[in-house]
Amino acid sequence: MIPGTKIGGCFIIQKKIGSGSFGQIYVCKDSRNNKNYAMKIESLTSKFRQLAYEAYIYKILNGFPNVPHLHLYKSEKEQNILIVDLLGKSLESIISTYKKISLKTVIMLFEPMINSIQYLHQRNFIHRDIKPDNFVVGLGSKQSQLYLIDFGLAKRFRDPLTLQHMEFSDGKKLTGTARYASVNVLSGIEPTRRDDLESLGYVLIYLLNGDLPWTGLSVTNSKDKYAKIRECKKNISLEELCYGLPIEFLEYFKAIRSLKYDEEPKYNEYRSLFRNLLINLGYSYDSDYEWINKSLNKPDSDCSKMLLKSKSGSFLLSSPVSVKVHYQESSYGAGSDFEQQMNDLKKLLNVSSSSEHFSEELEFSRNDILTESKSNSYYQSIPSSTTSSYSLGDDNLTLSESQSNQSERDSLLIRCQS
1 MIPGTKIGGC FIIQKKIGSG SFGQIYVCKD SRNNKNYAMK IESLTSKFRQ LAYEAYIYKI
61 LNGFPNVPHL HLYKSEKEQN ILIVDLLGKS LESIISTYKK ISLKTVIMLF EPMINSIQYL
121 HQRNFIHRDI KPDNFVVGLG SKQSQLYLID FGLAKRFRDP LTLQHMEFSD GKKLTGTARY
181 ASVNVLSGIE PTRRDDLESL GYVLIYLLNG DLPWTGLSVT NSKDKYAKIR ECKKNISLEE
241 LCYGLPIEFL EYFKAIRSLK YDEEPKYNEY RSLFRNLLIN LGYSYDSDYE WINKSLNKPD
301 SDCSKMLLKS KSGSFLLSSP VSVKVHYQES SYGAGSDFEQ QMNDLKKLLN VSSSSEHFSE
361 ELEFSRNDIL TESKSNSYYQ SIPSSTTSSY SLGDDNLTLS ESQSNQSERD SLLIRCQS
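According to full-length UniProt numbering, the sequence shown is numbered sequentially starting from 1.
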C-alpha cells in the first residue's frame with residue numbers, strides 16, 4: 001500500500017511498520033483530527049483471512065481500558081481493513097532489549113494483565129495465546145498503560161445467554177504458542193479459562209528471568225518440540241519452576257493448576273496475592289515502569305533483601321532447578337469453527353451471509369511474527385476521548401462508559417464506512 005493512499009474516506013496511510021502471513025500493518029492518520037492509528041490490511045485472496053473475526057472480538061471488548069479501541073472495519077479495494085488504536089512496544093520487545101524486568105515491575109504488571117484476561121473471560125471468550133508479544137504498552141502519556149492485543153485465536157468457551165460451559169474435549173492440536181501453553185493444552189485438552197491464567201504465570205516468570213526452563217530444546221520438527229516442552233513442563237516441579245521467586249508465585253501456580261476444566265477462576269484472590277506482596281515489599285502501585293525511567297539494568301538485589309525481611313512471611317524458594325535450556329519458537333494455531341459466532345459477526349459488522357469478503361473457515365496459521373515490529377512499534381496508543389472506568393470490588397469487572405462518547409464513536413464508524 002502506497003503512503004498517501006486514503007482508506008475509508010478519512011484515514012491516510014503514513015508508513016508500513018510490520019508484516020506477516022496475515023498481511024501488513026501500517027500507521028495511518030485520520031484527516032479529520034490528525035491523530036495516528038494502526039491499520040491492519042489483508043488481501044481478500046489470502047488463504048487464511050482473520051480480520052473479520054478479530055474485528056468481531058474488538059467490537060465486543062470496545063470500551064475496556066486495557067484493550068485497543070476498534071475504529072473501523074470494512075472491505076475496500078479487494079482488501080479487509082482493520083483500524084485500531086496505535087500502541088507502543090510489546091513486553092517481548094522490551095525483554096529482547098533489556099533481558100529481564102524487575103520484580104516490582106512484574107508485580108505491578110500482573111494487575112492490568114489479569115484484568116484484561118478476566119474481562120475477556122466475562123465476555124465469554126478465552127484468548128488462547130497469552131504471551132509477552134500480545135501485551136503492549138502505550139505511547140507518550142500512556143506509556144504506563146498495558147494493553148492485551150491479537151484476538152485472532154480467541155474462542156467462545158460458553159453460551160453468552162445460558163452461560164453453559166462447553167463440554168470437555170481432548171485430542172486437540174496445539175493452539176497458541178508452545179512456550180507459554182499450559183500442560184493441559186500441550187496434552188491435547190481443549191483450552192479453557194484456567195489455561196489462559198497458567199500461560200500468564202509462565203509470562204511472569206519469563207519477564208523476571210529472561211527465559212524459561214524449557215527454552216532452547218534441540219529438535220528437528222514441531223511434533224518433537226511440543227512433546228519435549230510438554231514433558232519438561234510435566235516433570236519440573238512448581239517449586240523448581242518458581243526457584244528464587246517469592247512464594248506468592250508458587251501459590252499462584254498451585255491455585256491455577258488446581259482449577260477444574262469449567263471452574264470459575266478466583267481472579268480477586270490472585271489480585272490480592274500480588275497486591276499484598278507489593279505492599280509488603282514496601283512498594284506502591286506508582287506505575288513507575290523501567291521503560292519510562294530507563295533504569296531496566298538496575299539490579300534487583302535491594303528488592304530481594306526486602307523480600308527476605310517481609311512481614312507477610314514471603315520467602316525466596318531455594319530448591320535447585322534441574323533443567324535449564326534455551327529455545328525460541330513462533331506461534332502456531334488450529335482454527336475455530338463457531339458458526340454461531342460467524343453469524344453474530346456478520347450481523348455486527350453488517351457483512352452479507354453470501355459475501356465473498358467473509359471467511360467462513362477460521363483455520364489459519366499463527367506464524368505471524370512481525371518482521372519489523374521487534375525493533376519498531378507494533379501498535380502505538382493515542383489518548384482516547386472515551387471516559388471508561390471499571391470496578392474490581394468482586395470477581396466481576398464492571399465497565400461503565402459515557403453514552404455520548406459511545407454514540408460519537410459509532411457515528412464515526414458509520415461516517416467512515418459511508
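Idealized CB from N, CA, C, for every residue including glycine.
- When C-alpha distances from E78 are compared across I95, S46, S102 and V106, the shortest belongs to S46.
- Counting of Cβ neighbours within 10 angstroms places I292 among the exposed residues, the total staying below 16.
- For D85 and I117, the gap between their C-alpha atoms comes out near 19 Å.
- Secondary structure of N184 (DSSP, three-state): helix.
- Note on geometry: alpha-carbon atoms of I107 and R275 lie some 8 Å from one another.
- The distance from the Cβ of A154 to that of I57 is about 5 Å, consistent with a contact at the 8 Å cut-off.
- Restricting attention to beta strand (DSSP E) runs no shorter than 3 residues, the region 117 to 158 encloses them at 135 to 137 and 146 to 148, ordered along the chain.
- Taking the C-beta atoms as reference points, E76 is found no nearer than 8 Å to G18.
- Counted as a single uninterrupted DSSP element, the beta strand (DSSP E) harbouring S75 occupies residues L70 to E76.
- In this structure S237 is exposed. Its beta-carbon is surrounded by fewer than 16 other beta-carbon atoms within 10 angstroms.
- In this structure, DSSP gives A55 a helical state, which the three-state scheme calls helix.
- Around the beta-carbon of E167, fewer than 16 other beta-carbon atoms lie within 10 Å, marking it exposed.
- With a minimum length of 4 residues, the unbroken runs of alpha helix (DSSP H) contained wholly in the region 169 to 216 fall at 183 to 186 and 193 to 209.
- Here the alpha carbons of Y252 and L273 stand approximately 8 Å from one another.
- Under the three-pair Cβ rule at 8 Å, the region 238 to 250 counts as touching the region 203 to 218.
- Around the C-beta of T192, 16 or more other C-beta atoms lie within 10 Å, and the residue is accordingly described as buried.
- Counting every other CB atom within 10 Å of its CB across the protein chains shown gives L161 a total below 16, marking it as exposed.
- A check of alpha carbon separations from D286 across Q143, A55 and D133 identifies Q143 as the nearest.
- Beta-bridge annotation (DSSP): N36 is paired with K29.
- Residue range Q79 to D85 is occupied by the beta strand (DSSP E) that includes D85.
- Bridge pairing for I12: K6 and K29 [DSSP].
- Membership of S222 in the alpha helix (DSSP H) is indicated by the continuous run S222 to N235.
- Note on geometry: alpha-carbon atoms of Q50 and Y270 lie some 33 Å from one another.
- Counting along the chain, F48 sits inside no alpha helix (DSSP H), nor does DSSP assign it H or E at all.
- About 20 Å separates the Cβ atoms of I101 and L197, ruling out a contact at the 8 Å cut-off.
- L109 is the residue among K16, R123 and L109 whose C-alpha sits nearest the C-alpha of F135.
- Proximity to F22 across T220, S31, F48 and D30 peaks at F48, based on C-alpha coordinates.
- Taking the Cα of S187 as reference, the smallest distance to any Cα among Q164, K173 and S218 is reached at K173.
- Here DSSP, grouped into helix, strand and coil, assigns P65 to coil.
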